[in-house]
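Notes to accompany the following structure.
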Amino acid sequence: MLELRPCCELCGRDLPAAAGEARICSFECTFCADCAERVLSNVCPNCGGGLWPRPVRPRAKLEQYPPSRQRKVKPLDPDQHAALLARYRDVPPAER
Ligand SMILES: [Zn+2]
Ligand SMILES: [Zn+2]
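Residue numbers (this note's numbering): 1180 to 1275.
Next up, the structure:
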């Protein structure tokens, strides 16, 4: 089950479970759409995988399956991200 992390891991902006602007990688690193598109070029700075819109969990399910409350925010390491970005672009789309 998705953790539904509560905020963008780059700028710290709140991303409630219903937020349509949350982006996640396959390891659930979570970012807002602004950071994902403008800063990260939709490549996760932690694992180098792609960032995609996070599915919304319906309100009725949130009481039984609440989102995570653990906030993880980390500044971007531009050099590391540039290396990941270069590698990501090398991978043919079919293997992403
Ligand atoms: Zn952000
Ligand atoms: Zn990641």
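Idealized CB from N, CA, C, for every residue including glycine.
- Message: Can you confirm whether D1213, when its beta carbon is compared against all beta carbons of chain D, has any partner nearer than 8 Å?
- Response: Reference to chain D is not applicable here, since this structure consists of a single protein chain.
- Item | Option nearest E1182 by Cα separation, candidates P1245, A1265, K1253, L1263 | P1245
- Message: Looking at ligand 2, does it come within less than 7 Å of C1208, judged from the CB to the closest heavy atom?
- Response: yes
- R1268 lies in the alpha helix (DSSP H); which residues open and close that run? 1257–1269
- Task: Compute the minimum distance between the beta carbon of L1264 and the heavy atoms of ligand 1, and state whether it is under 7 Å.
- Result: no
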